[in-house]
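J.: Residue numbers (this note's numbering): 7 to 510. Positions of the beta carbon are idealized from the N, C-alpha and C atoms, including for glycine.
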Ligand SMILES: Nc1ncnc2c1ncn2[C@@H]1O[C@H](COP(=O)(O)OP(=O)(O)O)[C@@H](O)[C@H]1O
Ligand SMILES: [Mg+2]
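1. Under 6 Å from any heavy atom of ligand 2, does the C-beta of residue 47 make it?
2. What would DSSP say about residue 368, mapped onto helix, strand or coil?
3. In the DSSP assignment, what are the bridge partners of residue 124?
4. Tell me which same chain residues have a C-beta within less than 6 Å of the C-beta of residue 380, skipping the five on either side of it?
5. In whole angstroms, what separates the C-alpha of residue 312 from that of residue 145?
6. Would the beta-carbon of residue 176 fall within 7 Å of that of residue 111?
7. Consider the C-beta atom of residue 310 and the heavy atoms of ligand 2; say whether any pair is separated by less than 6 Å.
8. Three Cβ pairs or more, each shorter than 8 Å: is that satisfied between the region 114–131 and the region 212–222?
9. Roughly how many angstroms lie between the CA atoms of residue 195 and residue 405, to the nearest whole one?
10. According to the neighbour-count rule (16 or more other Cβ atoms, all chains shown, within 10 Å of its Cβ), is residue 400 buried or exposed?
11. Flag this pair as touching only if the region 299–316 and the region 264–283 have three or more C-beta atom pairs under 8 Å; answer yes or no.
12. Tell me the start and end of each unbroken alpha helix (DSSP H) in the region 345–430 that is at least 4 residues and wholly inside, in chain order.
13. With distances taken from CA atoms, which of 297, 15 and 479 is nearest residue 434?
14. Return helix, strand or coil for residue 191, following the three-state DSSP convention.
15. Flag this pair as yes or no: are the beta carbons of residue 173 and residue 123 separated by less than 7 Å?
16. Between residue 335 and residue 346, is the Cβ-Cβ spacing less than 7 Å?
17. To the nearest angstrom, how far is it from the Cα of residue 263 to the Cα of residue 11?
18. Residue range of the beta strand (DSSP E) that residue 63 falls in?
19. Do you know offhand how far residue 324's Cα is from residue 45's?
20. Output the distance between the C-alpha atoms of residue 249 and residue 259, rounded to the nearest integer angstrom.
21. Report the three-state DSSP secondary structure of residue 440 (helix, strand or coil).
22. Residue 225 by DSSP, collapsed to three states: which one?
23. Report the residue from 35, 444, 364 and 32 whose alpha carbon sits nearest the alpha carbon of residue 420.
24. Which one or two residues does DSSP pair with residue 324 in a beta bridge?
25. What are the boundary residues of the alpha helix (DSSP H) that residue 156 is part of?
26. Tell me residue 119's beta-bridge partners as DSSP assigns them.
27. Can we count residue 108 as close to ligand 4, meaning its CB is less than 6 Å from some heavy atom?
28. Since residue 337 and residue 298 are thought to touch, with beta carbons under 8 Å apart, how far apart are those beta carbons, to the nearest angstrom?
29. Which stretch, first to last residue, makes up the beta strand (DSSP E) that contains residue 71?
30. Between 63, 417 and 383, which has its C-alpha nearest residue 407's C-alpha?
31. For residue 257, list the residues DSSP reports as bridge partners.
32. At a cut-off of 6 Å, is residue 75 close to ligand 1 when judged by its beta-carbon and the heavy atoms of the ligand?
33. Consider the C-beta atom of residue 57 and the heavy atoms of ligand 1; say whether any pair is separated by less than 6 Å.
34. Determine which residues share a DSSP beta bridge with residue 220 and list them.
35. Starting from the C-beta of residue 31, find all residues in its chain whose C-beta is less than 6 Å away, skip the five residues before and the five after it, and write them out in chain order.
36. Just checking my contact of residue 285 with residue 205 at CB under 8 Å: how many whole Å lie between their CB atoms?
Rendered as structure tokens:
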């Protein structure tokens, strides 16, 4: 007998507003780059032609971040809706916005205080500030003094003025270092700015190329003023120099809604261009590139079509998901990932190009291109021992990509304590090139070491001395080289150490 009842009887309703701490959980999958990309989306939706990302530095501390645009601004009667989580809005077919979450989720993933100052044409400047305080029990948002909002908007941001615009300001940013060491702050800033240039340049490459929009990044030192501007240049992952005959091909995927086109590209060969070597590495960037309204959502991965494989790294597929493809994909709220549902891989399996090409044909062609392109370069190179312990994973990968490997035990390069002041020890038994620990701090410039530290030093030694470990014993020539390297490098290491000790 079934006890299942279709109807659930109810006796009234209660209001269950979310606890404000739920705000804290918003946007947990954001990084600084994806969070800023979400703010840039809003500026683009607002019709901005110029967008500025500014880090604010006071002394050696990074105290905040601004995103400033010259878009159409927010009208006074809309600012509260804009600050509301899920605040509803009507989206047009062009808009990058989607969930009514971006501004809040992106900001609170990085900062504890969000201020929005904005002016729409013909309206007064308005501002709101929202602080996430621990123990805060309500959703109150502060109303910023209109005079302050106006003064901030009127500052000389060096953007072409349009009479309207928006400033999003973050304070108490968690990700920014609070070190008192100016060198560390500088290093953080230059690394972060270059990551951001990479990420924004990739995410918005079509928009930057096709529309009249510029994004720049700078740093304002409260005492010293504004530094140089770093422009964001578009990075097109499909900008290879010459095409393989017959490629790219469009595979048509049948769906219940609009058919989907997969434009299957094959890079002719590896390249050192930023377009090929995308942030995260080319190998991880093989696979599918999903775009929505000209914005790249997701760069690489096969979504169940195939496993990632170093030999498929020339394969990149461009997919626009503007149409009605319900059920095939979901986009995460951070707009940094598209996940394909199980029906996607099935649909792709039956996809065909005009000439009958299938996805399997494409993957085979991409692999053949890889093998072909590599045969030309690696065949001429002498095989080496595989890199073993002590190498930075990126260095190992590079060596494996660049050189044929001998089918032998790998070579390790590691530190240990020596009883002498020699710099090197060639240990045939363990296939290890030992480095004298006594020089480590100096060679690392005082930074803390790890198992895979000193990648440049180890890569150089690998290239210079790796081959003496090949074969059964050291020949006379090897022994002579080992003596030479020992003499010269021990002297160099001592010099490095005395310079380091004189400085600290
Ligand atoms: N830079 C901006 N310029 C103009 N309006 C903005 C800007 N940033 C946010 N808004 C307004 O705030 C609303 C909420 O933004 P957001 O939380 O990112 O959600 P969504 O973009 O999905 O609508 C937007 O719909 C827009 O009306
Ligand atoms: Mg948005």
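T.: Let me spell this out:
1. Taking the Cβ of residue 47 as the reference point, at least one heavy atom of ligand 2 falls within a distance shorter than 6 Å.
2. helix
3. 132 and 172
4. none
5. 46 Å
6. no
7. no
8. no
9. 30 Å
10. exposed
11. no
12. 348–355, 365–384 and 399–408
13. 479
14. helix
15. yes
16. yes
17. Each residue's alpha carbon lies about 35 Å from the other.
18. DSSP places residue 63 in the uninterrupted beta strand (DSSP E) bounded by 56–64.
19. 24 Å
20. 23 Å
21. strand
22. strand
23. Taking each of 35, 444, 364 and 32 in turn and checking the Cα distance to residue 420, the smallest one comes out for 444.
24. 269 and 295
25. Per DSSP, the unbroken alpha helix (DSSP H) holding residue 156 starts and ends at 152–160.
26. Per the DSSP secondary-structure output, residue 119 pairs in a beta bridge with 137 and 177.
27. As presented, the structure is devoid of ligand 4, carrying ligand 1 and ligand 2 as its sole ligands.
28. 7 Å
29. 67–75
30. The residue with the shortest Cα to Cα distance from residue 407 is 383.
31. 268
32. yes
33. no
34. 56
35. none
36. So it is a contact: roughly 6 Å between Cβ atoms.
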